[in-house]
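Numbering (the working numbering), first residue to last: 1 to 108.
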């Protein structure tokens with residue numbers, strides 16, 4: 001239950017909220033997301049999504065369709081997170097937090 005609810009709250013309310021507030025109406029340009037899990041990863045919303053689907057797989061007692069959906073989600077989002085992270089580093093250069101990883105804190 002906690003594994004499913006905590007990431008859902010984090011991803012839908014905090015990560016998405018942080019992303020939606022990056023640019024004010026009429027503003028142009030890109031901003032660095034900060035706060036929440038963005039302190040550790042570039043794609044906190046993707047991390048929350050992956051954890052949610054892992055929680056779903058776990059709740060289904062690792063039933064094959066649920067595990068497959070989790071694995072396909074990771075296979076889709078992990079490369080996207082990698083390329084987002086790489087783009088952030090190239091675009092923002094030294095302004096981008098050096099210790100931040102793509103999607104799994106301290107690992108990837």
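Ideal Cβ placement from N, Cα and C applies to all residues, glycine included.
Since this is a predicted model, take the numbers as computed values, not measurements.
Three-way DSSP call (helix, strand, coil) for residue i in this model
| i | result |
| --- | --- |
| residue 41 | strand |
Residue i vs residue j beta-carbon contact at 8 Å
| i | j | result |
| --- | --- | --- |
| residue 88 | residue 42 | yes |
| residue 108 | residue 80 | no |
| residue 77 | residue 58 | no |
| residue 38 | residue 54 | no |
| residue 18 | residue 29 | no |
| residue 82 | residue 32 | no |
| residue 15 | residue 48 | yes |
Exposure label - residue i; buried when at least 16 CB within 10 Å
| i | result |
| --- | --- |
| residue 99 | exposed |
| residue 22 | exposed |
| residue 65 | exposed |
| residue 27 | exposed |
| residue 75 | exposed |
| residue 63 | exposed |
| residue 113 | Residue 113 cannot be examined here, being either before or after the span of the chain that is shown, 1 to 108. |
Delimiting residues of the alpha helix (DSSP H) encompassing residue i
| i | result |
| --- | --- |
| residue 89 | 64 to 92 |
| residue 19 | 16 to 20 |
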